[in-house]
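All remarks here apply to the structure that follows.
Numbering (the working numbering), first residue to last: 220 to 452.
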């Protein structure tokens with residue numbers, strides 16, 4: 220899910236690849252990836268960020284806990300540590316289960332933390348929420364304007380029955396008729412960013428320095444994971 224959750228903030232802030240990456244997780248066991256990860260990326264500044272811009276990724280059970288930047292209005296002041304009732308697959312996959320309750324972070328999403336407030340972007344089933352001085356601010360008009368702008372002033376498209384489909388975009392791009400929503404020059408940088416975090420998981424607690432121009436880490440031991448041996452067909 221990394222590319223999907225990263226995509227909107229990465230695009231909106233016009234980020235490039237990071238300069239440093241640090242991952243907090245259990246030591247690598249050479250068999251499977253850690254269940255919990257906290258990955259801190261440092262990016263070159265853009266017109267939309269601070270001079271030293273950090274992006275922190277959390278995944279796995281129990282994260283991010285009660286991190287002060289992520290506490291929502293109406294949130295509980297303590298973390299509920301009681302075991303949750305086991306849910307059926309149908310319950311877990313239901314749309315109702317995807318909607319966060321009052322004061323709860325969504326299962327997946329992103330949070331912009333700015334100088335004057337915060338913007339929560341749930342990844343599924345909920346609209347963005349603006350938080351200023353610990354209170355929600357109504358942004359329904361702004362959301363409506365963005366929806367119209369994104370659709371070139373036309374009525375909101377029903378994506379279930381109307382295009383564009385990803386494979387239509389790909390064929391049109393191959394024919395030189397149009398560009399895709401996520402062309403290779405953008406998708407490659409986004410994917411590179413996420414995979415650098417995966418490599419950093421091999422070295423918990425260590426900061427890796429990435430040279431984008433050379434496509435190598437300053438830490439030579441990490442460069443072995445930049446390529447692999449592939450089967451011949």
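Where is the CB? At the ideal position from N, CA and C, for every residue including glycine. Model, not experiment: these values are computed from the prediction.
Run of the alpha helix (DSSP H) containing residue i, from where it starts to where it stops
i           : result
residue 256 : Segment 256-262 is the beta strand (DSSP E) holding residue 256; no alpha helix (DSSP H) there.
residue 411 : 403-419
residue 391 : 385-393
residue 229 : 221-231
Rounded straight-line distance, which links the Cα of residue j to that of residue i
i           : j           : result
residue 336 : residue 324 : 16 Å
residue 392 : residue 249 : 40 Å
residue 401 : residue 292 : 34 Å
residue 429 : residue 338 : 29 Å
residue 357 : residue 348 : 8 Å
residue 234 : residue 334 : 19 Å
residue 261 : residue 384 : 34 Å
residue 351 : residue 287 : 14 Å
residue 265 : residue 232 : 7 Å
residue 289 : residue 263 : 23 Å
Exposure label - residue i; buried when at least 16 CB within 10 Å
i           : result
residue 256 : buried
residue 424 : exposed
residue 346 : exposed
residue 419 : buried
residue 403 : exposed
residue 225 : buried
residue 267 : exposed
Close-in-space but distant-in-sequence residues of the same chain around residue i (CB under 6 Å, 5 per side omitted)
i           : result
residue 258 : 242, 276 and 416
residue 435 : 442
residue 254 : 279
residue 426 : 239 and 241
residue 221 : 413
Same chain, Cβ closer than 7 Å to residue i, five either side skipped, listed in chain order
i           : result
residue 389 : 399
Extent of the continuous beta strand (DSSP E) to which residue i belongs
i           : result
residue 290 : Careful: residue 290 lies outside any beta strand (DSSP E) and carries neither H nor E.
residue 238 : No beta strand (DSSP E) contains residue 238, which DSSP labels as neither H nor E.
residue 430 : 426-430
residue 341 : 337-341
residue 329 : 328-332
Distance between beta carbons of residue j and residue i, contact taken as under 8 Å
i           : j           : result
residue 444 : residue 408 : Residue 444 to residue 408, Cβ: 19 Å. No contact.
residue 340 : residue 353 : With a Cβ gap of about 19 Å, residue 340 and residue 353 do not count as contacting.
residue 363 : residue 322 : At roughly 26 Å, the Cβ-Cβ gap does not stay under 8 Å, so residue 363 and residue 322 are not in contact.
Contact with chain C by residue i, beta-carbon distance below 8 Å
i           : result
residue 250 : Any reference to chain C falls outside this structure, which holds one protein chain only.
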